[in-house]
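What follows is one structure encoded as C-alpha cells, with my remarks underneath.
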C-alpha cells in the first residue's frame with residue numbers, strides 16, 4: 001500500500017502526510033483543517049478484534065491518561081478498517097534502542113500505574129485472537145510453522161523450535177495460575193511514550209493489547225535486558241517470587257505470538273531468534 005484510501009481522505013477532509021509505520025497496521029500523519037491527526041489502516045484478517053485496543057485506550061483516557069482519541073467513528077471498507085485519531089503532542093525520549101537506566105525505571109513505574117488503572121477499567125475478557133503464554137507455546141500450529149521455517153533457516157529454526165519446547169516444558173512443570181492477570185498495553189517501549197519536558201503527553205500503540213499475566217507486559221518493555229524497567233515496576237507494585245520466575249518464560253512465549261498458521265516459508269523470524277539468543281539479566 002503506497003498511500004491512504006482516497007475515498008476515506010475525501011470523506012474526512014484529510015491531507016495525507018508521510019507514512020509513519022508499515023507493520024500490520026499502516027499509519028500515516030495527516031492534517032484536517034490544519035490540525036494534525038493520525039490515520040491508520042487495520043487489516044481485520046490480522047486483527048479480528050480490532051475494537052479491543054480502542055476500548056483499552058478509551059478506558060485509560062477516562063482516567064486521565066493521554067491515550068489516542070478517535071476523531072471519527074471507525075470506517076470499515078473493503079481495503080480495511082480506517083481509524084482517525086487526534087495527534088498527541090510531545091516527543092519520545094528515545095526513538096530507537098534503549099533509554100537510560102533512570103528512564104527505564106521511570107517507565108517501569110508508569111507501567112505499574114497503567115496496570116493499576118486498567119484493573120478498574122471493567123475490561124475482563126480476552127481479546128479475540130490472543131491467548132495466554134502457555135497456550136501459545138503448546139499450539140501444534142506454531143510447531144508446524146517452525147518446522148517449515150527450519151527447512152529454509154536451519155540455525156534460527158532449530159533455535160526457535162528448541163526455545164518453544166523449553167518454554168512449554170517450563171509451564172508444564174511450573175503452574176502459574178496464581179500469578180496476577182490483567183489487561184496489558186503490549187508495547188510499552190520508550191518510543192511509544194511522548195513527553196513535553198517531564199510531563200507525559202502521549203501513550204501510543206495499543207496494537208498488541210490483550211489480557212495475560214501482568215508480567216507478560218515486560219516482554220517488549222524489558223526485552224530481556226532493560227532490567228531497570230522491572231526494578232521501577234517493583235517500586236510501585238512489588239512482584240512476588242512466582243512473578244519473578246515467570247518473567248523470562250512469559251517473555252520467550254511472546255516471541256511465538258502470531259505464528260500459529262503463519263507460512264513458515266515466507267515469515268521473517270530473525271527478530272524472534274535474535275531476542276531468544278539474548279541472555280536475560282534480571283539483576284534487580
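Residue numbers (full-length UniProt numbering): 1 to 284. Ideal Cβ positions, reconstructed from N, Cα and C, are used throughout, including at glycine.
To the nearest angstrom, report how far apart residue 14 and residue 41 are at their CA atoms.
-> Taking the first residue of the chain shown as 1, we reach residue 14 at position 14. Taking the first residue of the chain shown as 1, we reach residue 41 at position 41. Between residue 14 and residue 41, the C-alpha separation is close to 14 Å.
Note down, in chain order, each residue of its chain lying with its Cβ closer than 6 Å to the Cβ of residue 259, except the 5 sequence neighbours on either side.
-> Working through the chain shown from its first residue, we reach residue 259 at position 259. Excluding positions up to five away in sequence, the list reads 142 and 145.
Could you give the distance in angstroms between the alpha-carbon of residue 267 and the alpha-carbon of residue 73?
-> Looking up residue 267 in the chain shown gives position 267. Looking up residue 73 in the chain shown gives position 73. Cα-Cα distance, rounded: 33 Å.
Would you mind stating whether residue 171 and residue 133 have Cβ atoms separated by less than 8 Å?
-> Here residue 171 corresponds to residue number 171 of the chain shown, with the count starting at 1. Here residue 133 corresponds to residue number 133 of the chain shown, with the count starting at 1. In contact: residue 171 and residue 133 (Cβ atoms closer than 8 Å).
Give the DSSP bridge partners of residue 23, in chain order.
-> On the chain shown, residue 23 is found 23 positions in, with the first residue counted as 1. Residue 23 is not bridged to any residue.
Using 8 Å as the threshold, is the stretch 89 to 109 in touch with the stretch 221 to 236, meaning 3 or more CB pairs across them?
-> yes
Are the Cβ atoms of residue 240 and residue 183 separated by less than 8 Å?
-> Here residue 240 corresponds to residue number 240 of the chain shown, with the count starting at 1. Here residue 183 corresponds to residue number 183 of the chain shown, with the count starting at 1. No. Outside cutoff.
Start-end ranges of the alpha helix (DSSP H) lying completely within the stretch 7 to 69, minimum 4 residues | 51 to 62
Take residue 187 and list the residues in its own chain whose beta-carbon comes closer than 6 Å to its own, dropping the five residues that flank it on each side.
-> What you label residue 187 is simply residue 187 of the chain shown in a count that begins at 1. Answer for residue 187: 205, 208 and 220, listed in chain order.
Can residue 81 and residue 48 be called in contact, C-beta distance under 8 Å?
-> Within the chain shown, numbered from 1, the residue matching residue 81 stands at position 81. Within the chain shown, numbered from 1, the residue matching residue 48 stands at position 48. For residue 81 and residue 48, no; Cβs fall outside 8 Å.
Of the residues 88, 78 and 64, the one placed nearest residue 70, counting alpha carbons only = Residue mapping note: residue 70 aligns to position 70 of the chain shown, counting from 1. The shortest Cα separation from residue 70 among 88, 78 and 64 belongs to 88.
Does DSSP classify residue 91 as helix, strand or coil?
-> As a working mapping, residue 91 is identified with position 91 in the chain shown. In the structure shown, residue 91 sits in a strand (DSSP, three-state: E or B).
Backbone CA spacing between residue 257 and residue 159 [nearest angstrom] | Here residue 257 corresponds to residue number 257 of the chain shown, with the count starting at 1. Here residue 159 corresponds to residue number 159 of the chain shown, with the count starting at 1. So the alpha carbons of these two residues sit roughly 16 Å apart.
Look at the alpha carbon of residue 109 and the alpha carbon of residue 10, and state the distance between them as a whole number of angstroms.
-> Translated into the one-based positions of the chain shown, residue 109 becomes position 109. Translated into the one-based positions of the chain shown, residue 10 becomes position 10. Cα to Cα, residue 109 sits roughly 42 Å from residue 10.
Among all the DSSP beta bridges, which residues are the ones paired with residue 195?
-> Mapped onto the chain shown, residue 195 falls at position 195. Answer is 91 and 200, bridged to residue 195.
Residue 212, DSSP secondary structure in three states = By one-based count along the chain shown, residue 212 stands at place 212. In the structure shown, residue 212 sits in a strand (DSSP, three-state: E or B).
Backbone CA spacing between residue 130 and residue 185 [nearest angstrom] | Your numbering for residue 130 matches position 130 in the chain shown. Your numbering for residue 185 matches position 185 in the chain shown. Taking the straight line joining both Cα atoms gives about 13 Å.
Is residue 177 buried or exposed, if buried means 16 or more other CB atoms sit within 10 Å of its CB?
-> In the chain shown, the residue the question calls residue 177 occupies position 177. When all chains shown are included, residue 177 counts as exposed.
Rounded C-alpha distance that separates residue 201 from residue 269 | In the chain shown, counting from the first residue as 1, residue 201 sits at position 201. In the chain shown, counting from the first residue as 1, residue 269 sits at position 269. Near 33 Å, if we compare the C-alpha coordinates of residue 269 and residue 201.
Compare the Cα-Cα distances from residue 30 to each of 242, 86 and 151 and report the closest residue.
-> Taking the first residue of the chain shown as 1, we reach residue 30 at position 30. For residue 30, the nearest C-alpha among the options comes from 86.
Go through its chain and collect everything with a Cβ distance to residue 282's Cβ below 8 Å, but skip five positions before and after it.
-> Residue mapping note: residue 282 aligns to position 282 of the chain shown, counting from 1. In this prediction, residue 282 scores a pLDDT of 40, lower than 50, which makes its location untrustworthy; the coordinate-derived value is nonetheless stated afterwards. So the list reads 227, 230, 244, 247 and 248, once near-sequence residues are dropped.
Per DSSP, which residues does residue 82 bridge with? Please list them.
-> On the chain shown, residue 82 is found 82 positions in, with the first residue counted as 1. Per DSSP, 41 and 75.
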